[in-house]
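S.K.:
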Amino acid sequence: MRVAVLGAGLQGACVALELAEVGIAVDLYDREDACLTQASAQNEGKIHLGYVFGNDRTLNTARLMIRGAAVFEPTLRRWLGTDLDRVPVSAPFHYVVHRDSLLAADEVGDHLAACHALAAGEFPAAAGYFGSDPHRAPQRLTDAERDAVFGTRTVAAAFRTAEIALDPEALSVLLRARLLAEPRITVHLGTEVRAVEPDGDRLRVRFDVGGGLASECYDHVVNCLWDGRLGVDATMGQRPDRPWLFRIKHYLRVCAPGQGAQIPSTTIVLGPFGDVVVHGDDLYLSWYPAGRQGISAELEPPPWPRVLDEFQAKELWHDVLGGLVGVVPALEDLTPSTVSSWSARGGIIFAWGSSDIDDPGSGLHQRSAIGPQSHGTYHSVDTGKLTMAPLFGAQVTDRIRATGRAR
Ligand SMILES: Cc1cc2nc3c(=O)[nH]c(=O)nc-3n(C[C@H](O)[C@H](O)[C@H](O)COP(=O)(O)OP(=O)(O)OC[C@H]3O[C@@H](n4cnc5c(N)ncnc54)[C@H](O)[C@@H]3O)c2cc1C
11 MRVAVLGAGL QGACVALELA EVGIAVDLYD REDACLTQAS AQNEGKIHLG
61 YVFGNDRTLN TARLMIRGAA VFEPTLRRWL GTDLDRVPVS APFHYVVHRD
111 SLLAADEVGD HLAACHALAA GEFPAAAGYF GSDPHRAPQR LTDAERDAVF
161 GTRTVAAAFR TAEIALDPEA LSVLLRARLL AEPRITVHLG TEVRAVEPDG
211 DRLRVRFDVG GGLASECYDH VVNCLWDGRL GVDATMGQRP DRPWLFRIKH
261 YLRVCAPGQG AQIPSTTIVL GPFGDVVVHG DDLYLSWYPA GRQGISAELE
311 PPPWPRVLDE FQAKELWHDV LGGLVGVVPA LEDLTPSTVS SWSARGGIIF
361 AWGSSDIDDP GSGLHQRSAI GPQSHGTYHS VDTGKLTMAP LFGAQVTDRI
411 RATGRAR
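Here our numbering is used: position 84 in the sequence shown is 94, and no number is missing along the way.
1) Can you say whether residue 308 is buried or exposed, counting buried as having 16 or more other CB atoms within 10 angstroms of its CB?
2) Near ligand 1, which residues have their beta-carbon closer than 5 Å to a heavy atom?
3) Under DSSP, the alpha helix (DSSP H) around residue 324 begins and ends at which residues?
4) Nearest CA to the CA of residue 31: which residue from 141, 195, 100?
5) For residue 411, which residues in the same chain have their Cβ closer than 7 Å to its Cβ, ignoring the five residues on either side in sequence?
6) Starting from residue 71, follow the alpha helix (DSSP H) in both directions and report where the run begins and ends.
7) Looking at the secondary structure, which residues open and close the beta strand (DSSP E) in which residue 222 lies?
8) Given the structure, does residue 62 come close to ligand 2, in the sense that its CB is under 7 Å from one of the ligand's heavy atoms?
9) Have a look at residue 125 and residue 201 and give me their C-alpha separation to the nearest angstrom.
10) So the candidates are 64, 178, 235; which of them puts its Cα closest to the Cα of residue 96?
11) Give the range of the alpha helix (DSSP H) segment to which residue 405 is assigned.
12) Evaluate contact between the region 53-69 and the region 395-403, counting only Cβ atoms and requiring at least three cross-stretch pairs below 8 Å.
13) What residues in its chain sit with their C-beta under 6 Å from that of residue 214, if we drop five residues either side in the sequence?
14) Could you compute how far the alpha carbon of residue 175 sits from the alpha carbon of residue 99?
15) With a 10 Å radius around its C-beta and 16 neighbouring C-beta atoms as the bar for buried, classify residue 351 as buried or exposed.
16) Per DSSP, what kind of secondary structure is residue 67 in: helix, strand or coil?
17) In three-state DSSP terms, what is residue 24?
18) Pick out whichever of 199, 164, 236, 231 has its Cα sitting closest to the Cα of residue 219.
19) So that I know if they touch, is there some Cβ in chain B lying closer than 8 Å to that of residue 64?
20) Does DSSP put residue 131 in a helix, in a strand, or in coil?
21) Please report the straight-line C-alpha distance between residue 120 and residue 104, rounded to a whole angstrom.
22) Measure the C-alpha to C-alpha separation of residue 255 and residue 358 and round it to an integer number of angstroms.
23) Please report the straight-line C-alpha distance between residue 157 and residue 190, rounded to a whole angstrom.
24) Once the 5 residues before and after residue 85 are set aside, which same chain residues still bring their CB inside 6 Å of it?
25) Which residue comes first and which comes last in the alpha helix (DSSP H) that contains residue 338?
26) Since residue 389 sits in a beta bridge, which residues does DSSP pair it with?
27) Jot down the residue ranges of each uninterrupted beta strand (DSSP E) in the region 163-213, minimum 3 residues, whole runs only, in chain order.
28) Are the beta-carbon atoms belonging to residue 280 and residue 287 less than 8 Å from one another?
29) Tell me whether the beta-carbon of residue 118 lies closer than 8 Å to the beta-carbon of residue 60.
30) Below 8 Å on the Cβ atoms is my guess for residue 330 versus residue 295; work out the distance and round it to an integer in Å.
31) In three-state DSSP terms, what is residue 417?
32) Using the C-alpha atoms, what's the distance from residue 11 back to residue 417?
33) Grouping DSSP H, G and I as helix and E and B as strand, with all else coil, what is residue 121?
34) Who pairs with residue 265 in a beta bridge, going by DSSP?
As structure tokens, then:
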């Protein structure tokens with residue numbers, strides 16, 4: 011059987027490694043010159059326990075994220091073994107309710123408690139969650155505890171949780187090497203996928219390699235192209251039946267020796283706020299109004315610059331810190347000259363919905379309509395969140411094994 015996996019982000023990597031593990035050879039394609047350089051390397055790395063999806067009152071998003079989180083570590087450990095322990099894990103997050111939150115503090119508290127109850131049923135005790143305990147109940151800080159750490163004028167309530175984030179760049183480095191070492195996976199880089207079309211009882215994938223056109227036939231094709239996914243689906247005659255948005259979000263990565271211990275990992279809910287992720291002395295800092303620099307409802311997003319020039323980067327620093335310091339005062343002492351290094355980076359987010367996250371009805375708050383869609387032997391995977399890639403990788407592999415055709 012010949013299988014093509016299009017897109018070598020975490021989703022494509024998970025599909026390819028699952029297929030290889032059950033003895034199926036894979037051609038893995040990406041237009042970049044290395045695997046895992048795009049959204050999967052350029053994100054916050056949170057392995058979601060559902061807490062941030064408080065505006066999905068059905069709890070469907072939370073339930074799905076918890077299922078994804080429950081298989082994340084065991085799956086990655088199967089492929090990376092003890093190397094996985096080299097990936098930095100953040101301090102557990104505080105969830106902080108902003109005074110302008112779309113949900114009141116008590117509503118957030120109820121949602122966290124509901125997620126905790128779901129974890130009891132959906133997260134096997136032995137699964138492993140990077141050294142944190144997903145069964146630990148979120149705890150509301152007393153007013154004195156809250157005011158000792160968070161901004162009194164902006165923060166209505168704060169909760170201690172067990173949720174963590176991984177350093178996605180470190181994970182990407184390990185997976186890149188693992189993909190290249192796997193004998194059943196052939197990686198084709200610098201290869202832009204243009205189209206997929208039926209060819210008899212197989213599928214033909216058309217590529218642009220260094221300006222020249224080429225094509226190959228496969229028994230199954232798995233589209234894991236993220237920002238390129240809808241465009242290639244359209245060449246198979248498949249168009250979304252709902253509104254969608256691509257957004258580019260820029261953030262800061264900062265190395266601040268000796269300062270990390272005083273800074274809490276923080277997610278500010280619910281609305282257009284931000285996050286602080288602390289991995290030792292390395293920080294991820296985002297503030298949504300400053301970082302969300304582009305939005306598009308086209309089939310393919312425009313060629314947004316992922317790297318900012320020096321002026322834009324300094325402006326981002328100013329605006330991100332300006333937003334975060336009111337919530338996390340411990341960031342006050344950070345300046346470009348007091349840290350040892352910093353950079354501004356960006357990644358693309360795809361989600362079903364319209365308007366933006368300050369609108370409770372935008373649809374962006376529901377992330378449960380994601381995962382693999384199969385039309386015969388063509389499978390298109392909306393990863394939705396990094397958290398979900400291992401679970402969806404296993405689901406696609408099951409489908410291919412169930413319908414697969416041996417040649
Ligand atoms: C700033 C930010 C923060 C985020 N935070 C979190 C978080 O904390 N937790 C979480 O769970 N999720 C988070 N996400 C979402 C998460 O990053 C994505 O859901 C996930 O990485 C998508 O994985 P992927 O493999 O589908 O996409 P990608 O990693 O983008 O992989 C797609 C690959 O396809 C390639 N490609 C695209 N089009 C073509 C084409 N035509 N031809 C050839 N190759 C092509 C690209 O080069 C890329 O390598 C965040 C995203 C961003 C941007």
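Each residue gets a CB set at the ideal place from its N, CA and C atoms; glycine is no exception.
M.R.: Quick answer:
1) exposed
2) 17, 19, 20, 21, 40, 41, 42, 48, 49, 50, 53, 54, 56, 202, 203, 235, 236, 238, 259, 357, 359, 393, 395, 396, 397
3) 320-335
4) 195
5) 32
6) 70-90
7) 222-228
8) Looking at this structure, you won't find ligand 2 anywhere; what it does contain is ligand 1.
9) 41 Å
10) 178
11) 399-413
12) yes
13) 207, 225, 227
14) 6 Å
15) exposed
16) coil
17) helix
18) 199
19) Protein chains in the displayed structure number just one, and chain B is not present.
20) helix
21) 15 Å
22) 10 Å
23) 49 Å
24) 400
25) Where residue 338 is concerned, there is no enclosing alpha helix (DSSP H), given that its DSSP letter is neither H nor E.
26) 232, 384
27) 165-170, 195-198, 201-209
28) no
29) no
30) 5 Å
31) Low local confidence applies: a pLDDT of 46 at residue 417 is under 50, so the model's placement there is unreliable, and no value is given.
32) At residue 417 the pLDDT is 46, less than 50, meaning the model places this residue with poor confidence; the figure from the coordinates comes in the next sentence. C-alpha separation (whole angstroms): 5 Å.
33) helix
34) 292, 351
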